[in-house]
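J.: I'd like to ask some things about the structure below.
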Amino acid sequence: MANILIIDDSPTDVRVFTTLLERAGYQVDSIGNAEEGIERVRSKKPDLVIMDVIMPGMNGFQATRTLTRDPVTSSIPIVMITTKSMETDRVWGLRQGARAFITKPVNEKDLLACINDLLPNAA
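All letters in the sequence shown, in the order written, are residues 20 to 142 by the numbering used here.
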């Protein structure tokens with residue numbers, strides 16, 4: 020069973036994603052800001068990270084760049100989920116190292132398909 024870490028400052032979004040992912044058979048952990056999220060990724064080494072973009076302090080673009088440039092965490096796939104829907108945001112997120120970029124509101128089937136593509140043997 021794969022372990023997914025959600026880094027998002029919205030308790031509502033965390034609850035929605037946690038329910039959806041646990042129902043699909045994943046173990047889920049969450050943290051409310053990017054700085055602590057980076058430390059949690061380094062210490063727990065989840066199988067996948069769901070990263071919000073707009074957060075107080077360090078944003079998701081910065082956190083994704085930090086994680087993908089760190090040899091200890093660079094192999095962990097990051098899925099950015101955000102309200103930022105401009106093509107330039109998607110391109111920038113992928114350039115920072117995200118493996119996927121999904122805009123809110125999230126379609127459950129699309130999210131699970133994305134995760135299954137990144138973790139084909141995990142659920």
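Virtual Cβ for every residue (Gly too), placed ideally from N, Cα, C. Remember, predicted model here, so these are calculated numbers, not experimental data.
Excluding five sequence neighbours on each side, which residues of the same chain lie with their C-beta closer than 6 Å to the C-beta of S93?
T.: Correct list, in chain order: T87.
J.: May I ask you to report which of helix, strand or coil DSSP gives T101?
T.: It is a strand residue.
J.: Check whether the Cβ atoms of M105 and G79 lie closer than 7 Å to each other.
T.: No; because the gap between Cβ atoms is not below 7 Å, this pair is not in contact.
J.: Using C-beta distances below 6 Å, list every residue in its chain close to E127, excluding the 5 sequence neighbours before and after it, in chain order.
T.: Closer than 6 Å at the Cβ level, and outside the excluded window around E127, lie L39.
J.: Please name the residue in S29, I23, D136, A21 whose C-alpha comes closest to that of T102.
T.: When only C-alpha atoms are compared, the closest one is S29.
J.: How would you label M74, buried or exposed, when you count the other beta carbons within 10 angstroms and need 16 or more for buried?
T.: Counting Cβ neighbours within 10 Å, M74 comes out buried, since at least 16 surround it.
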